[in-house]
Every structure is written in structure tokens, then in C-alpha cells.
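Working notes for the structure below.
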Amino acid sequence: MRMTETVQQPMRKSRLQHLLSGLLSRSAVRFYWCGNVAVLLGTLAWILRDGKFRESALQFTRHVRAIGNDESALVVVTPLMWPRVDALWFVIVVATLSAIGIVAGLVGGAGMHRGVRAWLAVMLVLAGWLTLFTTWPEIAWRGQAWRVRGSIAEFDQFAEDLLADWPANDGEITGLGPFMAYPISKPRTLMFMSTPQVPGTALAISTIERGADDDLHFKLAGNDEGVWIVRHAGVDEPQSFFSGLEGEYMPVQYRRLKPGWFLVRYIYAPIVSSEIN
72 MRMTETVQQP MRKSRLQHLL SGLLSRSAVR FYWCGNVAVL LGTLAWILRD GKFRESALQF
132 TRHVRAIGND ESALVVVTPL MWPRVDALWF VIVVATLSAI GIVAGLVGGA GMHRGVRAWL
192 AVMLVLAGWL TLFTTWPEIA WRGQAWRVRG SIAEFDQFAE DLLADWPAND GEITGLGPFM
252 AYPISKPRTL MFMSTPQVPG TALAISTIER GADDDLHFKL AGNDEGVWIV RHAGVDEPQS
312 FFSGLEGEYM PVQYRRLKPG WFLVRYIYAP IVSSEIN
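Counting from 1 along the sequence shown, just add 71 to a position and that's the residue number in this note's numbering.
This is the structure we're talking about:
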């Protein structure tokens with residue numbers, strides 16, 4: 072019995088050593104490096120190209136917080152956001168596991184993975200992740216502005232055509248479809264029945280607001296929902312404006328795209344009547 076146990080112990084040690092040597096081999100550690108860097112660059116590209124990344128990150132945060140309390144972690148995420156939330160889980164898991172593999176390679180891997188170059192590479196990749204983690208809102212905002220800027224010429228032409236023949240009632244705009252106009256008789260707000268794309272662009276809109284100085288505010292929809300493209304010539308920054316639906320939009324974040332054009336995020340303050348019924 073003792074002889075059997077004595078034989079099994081070296082066998083177990085041999086298997087463990089064989090497993091560790093495989094996990095810390097040159098090819099394995101190189102795989103960890105490639106996986107970590109690929110996820111880092113892929114996440115950066117995702118942030119730059121996805122207008123809903125900000126919303127995805129907020130819902131992911133609520134999802135994680137709900138795991139540790141009585142609130143359902145499934146309910147806090149809207150159905151359309153689940154693919155993005157799952158993708159964020161994938162990023163975190165792969166980045167964490169590959170980072171563990173890289174650190175293990177620094178400690179017990181081959182010589183090429185424990186040298187000065189390896190340590191410098193670790194510092195560089197770590198700096199990349201920290202930068203991404205701390206500045207992703209600004210990266211997302213700049214990426215959205217960069218994507219929208221390429222469509223300003225088409226929006227400018229569309230704005231000129233629209234101001235030249237501003238509708239007086241509900242109707243339909245060729246290429247965009249039917250809309251409702253508010254207020255009645257002297258409309259400042261056009262609300263589309265669908266989310267059409269501005270001709271010549273890939274950007275969808277849901278509402279157009281006309282200001283007092285013929286400035287126009289295009290509320291984006293679809294992948295870029297939550298921001299506005301604003302045509303306001305002669306100013307250095309967008310101003311607050313009153314909607315045709317009796318409410319005030321106040322800018323909280325903006326970025327100049329071209330002279331007279333801005334990408335803006337507003338907060339909406341509905342006007343509450345002071346009359347008591």
C-alpha cells in the first residue's frame with residue numbers, strides 16, 4: 072500500500088510539472104500576449120466606432136452592481152444591450168486570464184519572457200489598459216465626432232433645402248417619410264414617424280428642431296441615439312433652445328465639427344405650467 076502511494080506521488084508531480092511547463096512554454100506565453108493585445112486594440116476600435124458604447128458601459132455597471140444585491144441582474148439590462156454586455160464580459164475575462172498568463176510567464180517562463188524587454192512591454196500594455204479604462208468616455212465622444220464629421224456636407228445641403236421650404240403642417244419629406252409638426256400653424260419641431268437616414272449619409276434622425284435664428288438641431292437615432300447635430304452659424308458654442316413641444320434643451324457637452332456645426336449632448340427640462348387647476 073505504501074509502495075503504491077509512493078509511486079503515485081511522483082506521477083502526480085510529473086503530471087503537474089508537465090502541465091505547468093506547457094502553460095508557461097514560449098508558445099503559450101506568446102499566445103497570452105497576442106490575446107491580451109488583440110483584446111486591447113479590439114476594445115479601442117469598438118469604443119471609437121460604436122455610438123452606443125457609453126450606454127453599454129452604464130448598463131454593464133448596473134448589471135454588475137445588481138449581482139450583489141436583491142435587484143435582478145437580468146432586468147437592469149435592456150434586451151438590445153445584452154450582446155454588448157456579453158461582449159464586455161468577454162473582454163474582461165479574456166484580458167484577466169491572459170494577464171495572469173503573462174505575469175506567470177514573467178515569473179516562471181522562458182528566458183525571453185523574463186527579460187528587460189518583456190518587463191517594458193508589460194508596462195506599455197498596462198499603460199494602454201489604464202488609459203483605456205480612465206479615458207474611454209472621451210475616446211467614445213471623439214470617435215463619435217470623428218464618424219459624424221464626414222456627413223456634415225450632406226447635412227448642410229439638407230438644411231439649406233429644408234429652410235427654403237419649411238413645412239407649415241404635418242406632411243412628408245421626400246426621402247425621409249412622414250412627420251408631425253409642432254406647434255400647430257407655426258411649427259418649430261418635426262417629429263418623424265420612423266427613423267429615416269439623411270440622404271447621402273448613414274445617420275438616422277428622429278426629430279428636427281428649428282431655432283429662433285434659423286439654427287437647426289437634428290436629433291440622431293439608431294446607433295448614435297442620444298446626441299444632436301446642430302447647425303448654428305456665427306457662434307463659438309451651441310446655445311440652449313426651446314423645443315416646439317414646450318421644453319428647454321440645455322447643452323452639457325459639445326464638440327465643434329466644422330464652422331457653424333456642432334455635435335451636442337443636451338439635457339431636457341420640460342416647462343411646467345404654474346397654473347393650478
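The beta-carbon is built from N, C-alpha and C at its ideal position, and this holds for glycine as well.
In three-state DSSP terms, what is residue i?
i    : result
W332 : strand
H134 : helix
E280 : strand
I338 : strand
A292 : strand
E319 : strand
A275 : strand
S256 : coil
V301 : strand
G199 : helix
G139 : coil
P150 : helix
E209 : helix
E243 : strand
L287 : strand
Q310 : coil
Ignore the nearest five residues each way along the sequence and tell me which others in residue i's own chain have a CB closer than 8 Å to its CB.
i    : result
L203 : L111, T114, L115, I118, I210
Q324 : W212, V335, R336
I'd like the list of long-range same chain contacts for residue i, defined as Cβ closer than 7 Å, with 5 residues on each side in sequence excluded.
i    : result
G176 : L95, V100, Y103, H184
F131 : V156, L159
V78  : Because V78 carries a pLDDT of 43, less than 50, the predicted location of this residue cannot be relied on, and the following value inherits that uncertainty. Around V78: no qualifying Cβ.
Taking 6 Å as the limit between beta carbons, can you name the residues of its chain near residue i, skipping five residues before and five after?
i    : result
T278 : M262, K290
S265 : G248
V147 : R133, H134, A137
Determine, using beta carbons only, whether residue i and residue j come nearer to each other than 9 Å.
i    : j    : result
L247 : V269 : yes
N294 : D121 : yes
L233 : L287 : yes
I300 : F250 : no
S222 : A273 : yes
A235 : G242 : no
I342 : F313 : yes
V193 : V174 : yes
Mark residue i as exposed unless 16 or more other C-beta atoms lie within 10 angstroms of its C-beta, in which case mark it buried.
i    : result
P309 : buried
E231 : exposed
T167 : exposed
S311 : exposed
G172 : buried
M107 : A quick correction: the sequence has Asn, not Met, at residue 107. So N107 ends up on the buried side.
Throw me the rounded Cβ distance for the residue i and residue j pair, which I believe falls under 8 Å.
i    : j    : result
Y339 : G315 : Their Cβ separation, rounded to whole angstroms, is 13 Å, which puts Y339 and G315 out of contact at 8 Å.
P208 : R133 : That belief does not hold up - the Cβ atoms of P208 and R133 are roughly 16 Å apart, past 8 Å.
P258 : P238 : 7 Å
L52  : A216 : Residue 52 falls outside the range modelled here, since the chain spans only 72 to 348, and no answer is possible.
E225 : G282 : Not really, about 21 Å apart at Cβ, beyond 8 Å.
M152 : S127 : 6 Å
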